[in-house]
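Q: Please find one structure pasted underneath; my questions will follow.
2 protein chains.
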Amino acid sequence: MAKKENIVLVGAGNLATHLGIALKRSGHQIIQVYSPGGKTARLLAKTLGAESTGEIKKIRKDATLYIIAVKDDAIETVSGELHLKDQVVVHTSGSVKMNVLKKSSKNIGVLYPLQTFSKSQKTDFKNVPLCLESNSEAAAGLLAKVAGSISGHIQAVSSEQRRALHLSAVFACNFSNHMYRIAELILSSEKMSFDLLKPLIMETAEKVQNASPSVMQTGPAARGDLKTIKAHLKLLKHDKKLRSIYQLLSASIIETDKKL
Amino acid sequence: MAKKENIVLVGAGNLATHLGIALKRSGHQIIQVYSPGGKTARLLAKTLGAESTGEIKKIRKDATLYIIAVKDDAIETVSGELHLKDQVVVHTSGSVKMNVLKKSSKNIGVLYPLQTFSKSQKTDFKNVPLCLESNSEAAAGLLAKVAGSISGHIQAVSSEQRRALHLSAVFACNFSNHMYRIAELILSSEKMSFDLLKPLIMETAEKVQNASPSVMQTGPAARGDLKTIKAHLKLLKHDKKLRSIYQLLSASIIETDKKL
Numbered sequence: 063m064a065k066k067e068n069i070v071l072v073g074a075g076n077l078a079t080h081l082g083i084a085l086k087r088s089g090h091q092i093i094q095v096y097s098p099g100g101k102t103a104r105l106l107a108k109t110l111g112a113e114s115t116g117e118i119k120k121i122r123k124d125a126t127l128y129i130i131a132v133k134d135d136a137i138e139t140v141s142g143e144l145h146l147k148d149q150v151v152v153h154t155s156g157s158v159k160m161n162v163l164k165k166s167s168k169n170i171g172v173l174y175p176l177q178t179f180s181k182s183q184k185t186d187f188k189n190v191p192l193c194l195e196s197n198s199e200a201a202a203g204l205l206a207k208v209a210g211s212i213s214g215h216i217q218a219v220s221s222e223q224r225r226a227l228h229l230s231a232v233f234a235c236n237f238s239n240h241m242y243r244i245a246e247l248i249l250s251s252e253k254m255s256f257d258l259l260k261p262l263i264m265e266t267a268e269k270v271q272n273a274s275p276s277v278m279q280t281g282p283a284a285r286g287d288l289k290t291i292k293a294h295l296k297l298l299k300h301d302k303k304l305r306s307i308y309q310l311l312s313a314s315i316i317e318t319d320k321k322l
Numbered sequence: 063m064a065k066k067e068n069i070v071l072v073g074a075g076n077l078a079t080h081l082g083i084a085l086k087r088s089g090h091q092i093i094q095v096y097s098p099g100g101k102t103a104r105l106l107a108k109t110l111g112a113e114s115t116g117e118i119k120k121i122r123k124d125a126t127l128y129i130i131a132v133k134d135d136a137i138e139t140v141s142g143e144l145h146l147k148d149q150v151v152v153h154t155s156g157s158v159k160m161n162v163l164k165k166s167s168k169n170i171g172v173l174y175p176l177q178t179f180s181k182s183q184k185t186d187f188k189n190v191p192l193c194l195e196s197n198s199e200a201a202a203g204l205l206a207k208v209a210g211s212i213s214g215h216i217q218a219v220s221s222e223q224r225r226a227l228h229l230s231a232v233f234a235c236n237f238s239n240h241m242y243r244i245a246e247l248i249l250s251s252e253k254m255s256f257d258l259l260k261p262l263i264m265e266t267a268e269k270v271q272n273a274s275p276s277v278m279q280t281g282p283a284a285r286g287d288l289k290t291i292k293a294h295l296k297l298l299k300h301d302k303k304l305r306s307i308y309q310l311l312s313a314s315i316i317e318t319d320k321k322l
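Chains A and B, in that order, are what the protein sequence lines are.
Each residue of the first sequence is one higher than the one before, counting from 63 in this note's numbering.
Each residue of the second sequence is one higher than the one before, counting from 63 in this note's numbering.
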């Protein structure tokens, strides 16, 4: 086991909780958790055997790594209050520039976990790709060591790559889940359970684990079955918005196939 | 084990192959496989220990169940050539009316498997929901028995329900896969591997196995993060079509949340 680090968690939400637990399990010491007001920090600190604070000015200066896991809009403000020297400060966002941290310390970076986290579900960090960015060798080294201690998939990315990753994750995760939601709505309108679709959803996700989704595309649009597409659009005639989603995505599937 | 049936497979594509193998495993006898010309039928028949034919007029009359697994457009024509009395004839399509089979026999029905099948991937039928429709008690009884021998999830559905199921499957499976594809394109434009997204895709599918997707929605649109949405639209400025997909789906997520 590599040297364990003393870490401060700035933030006590979903991601901070999952990260804190994984870091502690890997032998690191979470020395302090901060949340505005301190209430959620107190709860998480208890789990992690850490101190907690609700005042940003009371954040300790003696950690080697500060992980800022707060809302995107709050990252710059919060980091501006840290006033550190060369301790490594990172945020965890897919879309916020690394440089918003520049007032906080000489060594800054990003630790962006490419996964979706929810309170109710445990996450095994071993399989979560951790995308790393940093402004110095010192930050890069520490980040790689700490990230590598909790996940088997660490990858250095540029700012442009991180932005593209985040955008692609919106399609692969958020928009897919929205497709599931629409499917659930359609089924409930005919008094059927979403359970019926669960095996299909799993299979669709499993199929792209070993092959490119471009090879795995099936359905009316993929086979140019205009008759079925028409029938589906007719079924959706009372819901203009769903209708335009169906239309746009079917056209996009046909278009993408042409390009291949 | 219930009585085994003598079955003719009309069609020898992906679904016929998967079904034939599952039926044989459950102890049924596939007595014949038909395909136009007979070439693919011969291959599948060999696997199943069945006869094969390429001539529709040579389809045997002594089976108890005829499963038509051909392209949607061909179902009516093919079934019109069968000229049976009361043997049960079913098709396997999500979107074709049961009644197109009415010339083939007195007893007709539909056996619609809610799953996506590919040549390269084995499918465990035990977990595939089989949606059944029929025009008579005789057909209903035989279908339930045969379908129940290969899957643990059989469900009687009306024509309207089957249509809604098929439409919902297009969203949950075909459109989700298209989202994966778009994500892959975005990553490749920044020279990154689709592998990075695989854990996220699995997690997204797994999360809705135990909870409604409406509870599991995350991402910029779900949290009303207009700044990130704007930044993403800017990233997509050179691809008008992707841009409109992003815009439409984000608006739909915001809209759906409002209705809850």
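We put the CB at the ideal spot given by N, CA and C, even for glycine.
So which residues on chain B does R243(A) lean against when the C-beta distance must stay under 7 Å?
A: The sequence position of residue 243(A) within the first sequence is 181, counting from 1. In chain order: P275, S276, Q279 and T318.
Q: In whole angstroms, give me the CA-to-CA distance for K253(B) and D124(B).
A: What you label residue 253(B) is simply residue 191 of the second sequence in a count that begins at 1. What you label residue 124(B) is simply residue 62 of the second sequence in a count that begins at 1. Their backbone Cα atoms lie some 59 Å apart in a straight line.
Q: Mind listing, in chain order, the continuous alpha helix (DSSP H) runs of no fewer than 4 residues lying wholly within the region 74-153 of chain A?
A: Complete alpha helix (DSSP H) runs here, min 4: 76-87, 101-110 and 137-142.
Q: Run through DSSP, which three-state label would N161(B) get?
A: Counting from 1 along the second sequence, the entry for residue 161(B) is found at position 99. The answer is helix: DSSP assigns N161(B) an H, G or I state.
Q: Over what stretch of residues does the alpha helix (DSSP H) that includes P275(A) continue unbroken?
A: The sequence position of residue 275(A) within the first sequence is 213, counting from 1. It spans P275 to M278 - the alpha helix (DSSP H) in which P275(A) sits, taken as one unbroken run.
Q: Would the beta-carbon of F179(A) fall within 8 Å of that of L77(A)?
A: For the purposes of this step, residue 179(A) is identified with residue 117 of the first sequence, where counting begins at 1. For the purposes of this step, residue 77(A) is identified with residue 15 of the first sequence, where counting begins at 1. It is a contact, given that the beta carbons lie within the stated cut-off.
Q: Taking the alpha carbon of S324(A) as the reference point, which residue from L227(B), M264(B) and M278(B) has its own alpha carbon closest?
A: A query on residue 324(A) cannot be resolved here, the shown segment of chain A reaching from 63 to 322 and no further.
Q: Could you run through the region 144-164 of chain A and flag, in chain order, every residue whose CB is less than 8 Å away from some CB of chain B?
A: Taking 8 Å as the Cβ-Cβ cut-off against chain B, the residues of the region 144-164 of chain A that qualify are S157.
Q: Check each candidate in I316(A), L295(A) and K165(A) and name the one with the smallest Cα separation from G286(A).
A: By one-based count along the first sequence, residue 286(A) stands at place 224. Among I316(A), L295(A) and K165(A), the Cα nearest to that of G286(A) belongs to I316(A).
Q: Under 8 Å Cβ to Cβ from R122(A), same chain only, skipping five residues before and after it: list those, please.
A: Here residue 122(A) refers to the residue found at position 60 when the first sequence is read from its first residue. The residues are V70, I93, Q94 and E113.
Q: Would you say I216(A) lies against chain B (beta-carbon separation less than 8 Å)?
A: As a first step, residue 216(A) is located in the first sequence; it is residue number 154 there, counting from the start. With 8 Å as the cut-off, I216(A) does not count as an interface residue toward chain B.
Q: Show which residues of chain B have a CB atom less than 7 Å away from the CB atom of L310(A).
A: Position 248 of the first sequence holds residue 310(A). Within chain B, the residues near L310(A) are S306, I307 and L310.
Q: Looking at the unbroken beta strand (DSSP E) that takes in L71(B), where does it start and where does it end?
A: One-based indexing of the second sequence puts residue 71(B) at position 9. Run containing L71(B): N68 to V72, per the beta strand (DSSP E) assignment.
Q: Taking all protein chains shown into account, do 16 or more other C-beta atoms lie within 10 angstroms of the C-beta of T139(A), making it buried, or fewer, making it exposed?
A: The residue you call residue 139(A) lines up with position 77 of the first sequence. Exposed.
Q: Per DSSP, what kind of secondary structure is P175(A) in: helix, strand or coil?
A: What you label residue 175(A) is simply residue 113 of the first sequence in a count that begins at 1. In the structure shown, P175(A) sits in a strand (DSSP, three-state: E or B).
Q: Compute the distance between the beta-carbons of A245(B) and F233(A), then report whether it is under 8 Å.
A: What you label residue 245(B) is simply residue 183 of the second sequence in a count that begins at 1. What you label residue 233(A) is simply residue 171 of the first sequence in a count that begins at 1. Yes; because the gap between Cβ atoms is below 8 Å, this pair is in contact.
Q: Output yes or no for whether 8 Å exceeds the beta carbon distance between G142(A) and G116(A).
A: Within the first sequence, numbered from 1, the residue matching residue 142(A) stands at position 80. Within the first sequence, numbered from 1, the residue matching residue 116(A) stands at position 54. Contact flag unset, no.
Q: Can you tell me the Cα-Cα spacing of S196(A) and L249(B), whole angstroms?
A: Taking the first residue of the first sequence as 1, we reach residue 196(A) at position 134. Taking the first residue of the second sequence as 1, we reach residue 249(B) at position 187. Near 20 Å, if we compare the C-alpha coordinates of L249(B) and S196(A).
Q: What would DSSP say about N236(A), mapped onto helix, strand or coil?
A: Locating residue 236(A) in the first sequence gives position 174, where the first residue counts as 1. Note: N236(A) maps to helix in three-state DSSP.
Q: Mind listing the chain A neighbours of F187(B)? Cutoff is C-beta to C-beta under 9 Å, in chain order.
A: For the purposes of this step, residue 187(B) is taken as residue 125 along the second sequence, with counting starting at 1. In chain order: nothing, as chain A lies at least about 10 Å away.
Q: List the DSSP bridge partners of S196(B).
A: Position 134 of the second sequence, counting from 1, holds the residue named residue 196(B). The partner list for S196(B) (beta bridge, DSSP) reads G171(B).
Q: Let me check one thing: in DSSP terms, what residues is I216(B) bridge-paired to?
A: Translated into the one-based positions of the second sequence, residue 216(B) becomes position 154. Per DSSP, L192(B).
Q: Going along chain A, which residues have a C-beta under 8 Å from Q94(B)?
A: Sequence index remark: in the second sequence, residue 94(B) carries index 32 (1-based). By Cβ distance, chain A contributes nothing, its closest Cβ being about 27 Å from Q94(B), past 8 Å.
Q: Check for me: the alpha helix (DSSP H) holding E252(A) runs from which residue to which?
A: The residue you call residue 252(A) lines up with position 190 of the first sequence. Neither: E252(A) is in no alpha helix (DSSP H) and is coded neither H nor E.
Q: Would you kindly report the start and end of the unbroken alpha helix (DSSP H) that includes A267(B)?
A: By 1-based counting over the second sequence, the position of residue 267(B) is 205. Per DSSP, A267(B) belongs to the alpha helix (DSSP H) from K260 to K269.
Q: Out of A107(B), N239(B), V172(B) and I130(B), point me to the one whose CA is closest to E268(A)'s CA.
A: Counting from 1 along the first sequence, the entry for residue 268(A) is found at position 206. Taking only the C-alpha atoms, the option nearest E268(A) is N239(B).
Q: Does the CB of T266(B) have a neighbour CB from chain A at under 8 Å?
A: Mapped onto the second sequence, residue 266(B) falls at position 204. Chain A contact via Cβ: present.
Q: Would you say L229(B) reaches chain A, if we count a Cβ-Cβ gap shorter than 8 Å as a contact?
A: Translated into positions along the second sequence, residue 229(B) becomes position 167. True, the Cβ-Cβ gap to chain A drops below 8 Å.
Q: Please determine, among A200(A), K119(A) and N189(A), the residue with the shortest C-alpha to C-alpha distance to G210(A).
A: Locating residue 210(A) in the first sequence gives position 148, counting from the first residue. Minimum Cα distance to G210(A) is reached at N189(A).
Q: Using 8 Å for Cβ pairs, my map puts T290(A) next to D148(B). What's the rounded Cβ distance?
A: Along the first sequence, one-based indexing puts residue 290(A) at 228. Along the second sequence, one-based indexing puts residue 148(B) at 86. Their Cβ separation, rounded to whole angstroms, is 30 Å, which puts T290(A) and D148(B) out of contact at 8 Å.
Q: Looking at the structure shown, is Q223(B) part of a helix, part of a strand, or coil, going by DSSP?
A: Locating residue 223(B) in the second sequence gives position 161, counting from the first residue. Helix at Q223(B).
Q: Is the distance from the Cβ of L192(B) to the Cβ of L173(B) below 8 Å?
A: Counting from one through the second sequence, the residue named residue 192(B) turns up at place 130. Counting from one through the second sequence, the residue named residue 173(B) turns up at place 111. Taking 8 Å as the Cβ cut-off, L192(B) and L173(B) qualify as a contacting pair.
Q: Could you round the C-beta distance between L310(A) and L310(B) to whole angstroms and report it? I think they count as a contact, below 8 Å.
A: Looking up residue 310(A) in the first sequence gives position 248. Looking up residue 310(B) in the second sequence gives position 248. Yes, they are in contact, since the Cβ atoms of L310(A) and L310(B) sit about 6 Å apart, within 8 Å.
Q: Among L85(B), E67(B), S88(B) and A107(B), whose alpha-carbon lies nearest the alpha-carbon of A74(B)?
A: The residue given as residue 74(B) occupies position 12 in the second sequence. The residue with the shortest Cα to Cα distance from A74(B) is A107(B).
Q: Give the single residue among I263(A), I307(A), L258(A) and S312(A) whose Cα lies nearest to the Cα of A284(A).
A: In the first sequence, counting from the first residue as 1, residue 284(A) sits at position 222. Nearest C-alpha to A284(A): S312(A).
Q: Determine the chain A residues that contact D287(B) at a beta-carbon separation under 9 Å, and present them in chain order.
A: Counted from its first residue, the second sequence places residue 287(B) at position 225. Simply K133, D134, D135 and S157.
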